[in-house]
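What follows is the structure, encoded as structure tokens:
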């Protein structure tokens, strides 16, 4: 696969890439993060639950890990959207097996053209998905549009550690270990070469908060997790 976005646009290539790795995506997440991604997701759910939401949108839901966790922790209704139908197929099987079909609904959807009415949701969340948006500002603006006044967006995304020696160790892991393990488990080298490249290109920290402000969010803030390997971003629609 050529570099994402270099030939036909980012979106079709992202869709094909995630369709290809969908059957082993959850296993890869657990292996590559040593399971710590689940702790990060729990922090997201706690921040969403502070708004006591009755309806939540999970953008770039993938195999619905975050939506399922939300349902298991008291979110009454979540709609998850993703452009990868194969990821959604895996997610629907998980939802059914856990008896959560009344609480979590998945549908094909583009973050930059959300098929929902204005002010439909009490909260929105995105885990490891915003860096895959083809147009980041449009995706954030769409999320802002479908949130009710008083709604909250919580984003979990990879970031880059800055302190020695974590910075150097993380760079080595991303460059050499992650693509190797990803290829061995998924059989798709391009996907796990793309991952560190997308992390490197993502406007993290204050730069991402600026994008949230541009979309209309207020009281934006971030929290770095696990030596800066990931970050949580929060914004309010007032």
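Residue numbers (my numbering): 6 to 243. The beta-carbon is built from N, C-alpha and C at its ideal position, and this holds for glycine as well.
By alpha-carbon distance to residue 121, the top candidate from 92, 61, 157 and 94 is 61.
If you look at residue 219, you'll find it in the alpha helix (DSSP H) that goes 211 to 220. In this structure, residue 48 keeps its C-beta atom at 7 angstroms or more from the C-beta atom of residue 171. Counting of Cβ neighbours within 10 angstroms places residue 55 among the exposed residues, the total staying below 16. Exclusion of the five residues before and after residue 50 leaves 74, 75 and 78 as the residues of its chain whose Cβ lies within less than 7 angstroms of its Cβ. If you check the CB distance, residue 159 and residue 239 come in under 7 angstroms. For the 7 angstroms CB-CB criterion, residue 24 and residue 89 form a contact. Taking 8 angstroms as the upper bound for CB-CB distance, residue 232 and residue 166 are in contact here, some 5 angstroms apart. Under a 10 Å Cβ-count criterion, residue 41 is classified as exposed, with fewer than 16 other Cβ atoms of the shown protein chains found around its own Cβ. If the five residues before and after residue 92 are omitted, its C-beta is found closer than 6 angstroms to the C-beta atoms of 23, 27, 67 and 68, all from its own chain and listed in chain order. The alpha helix (DSSP H) runs lying completely inside the segment 49 to 82 and spanning 4 residues or more are 70 to 77, given in chain order. With respect to the C-alpha of residue 114, the residue from 101, 39, 190 and 64 having the closest C-alpha is 64. By a beta-carbon distance limit of 8 angstroms, residue 192 does not contact residue 164. Their separation comes to about 28 angstroms. Excluding sequence positions up to five before and after residue 150, its CB lies within less than 7 angstroms of the CB of 123, all in the same chain and listed in chain order. Here residue 118 has 147 as same chain residues with Cβ atoms under 8 angstroms from its own Cβ, once five neighbours each way along the sequence are excluded. With contacts defined by Cβ atoms closer than 7 angstroms, residue 197 and residue 183 form a contacting pair.
Residue 71 places its beta carbon less than 7 angstroms from that of residue 132. Measuring C-alpha to C-alpha distances from residue 45 to each of 130, 84 and 180 identifies 130 as the nearest. Note on residue 58: 16 or more other CB atoms within 10 angstroms of its CB, so buried under the neighbour-count rule.
DSSP places residue 243 in the coil class of the three-state scheme, outside both helix and strand. Going by beta carbons, residue 202 and residue 16 fall outside the 7 angstroms limit.
Non-local C-beta neighbours of residue 241 in its own chain, meaning closer than 7 angstroms and more than five positions away in sequence, comprise 157, 222, 223 and 224, ordered along the chain. Inside the segment 105 to 178, DSSP marks whole alpha helix (DSSP H) runs of 4 or more residues at positions 141 to 151 and 171 to 177, from first to last along the chain.
One alpha carbon belongs to residue 81, the other to residue 108, and they sit about 6 angstroms apart. Counting of Cβ neighbours within 10 angstroms places residue 116 among the buried residues, the total reaching 16 or more.
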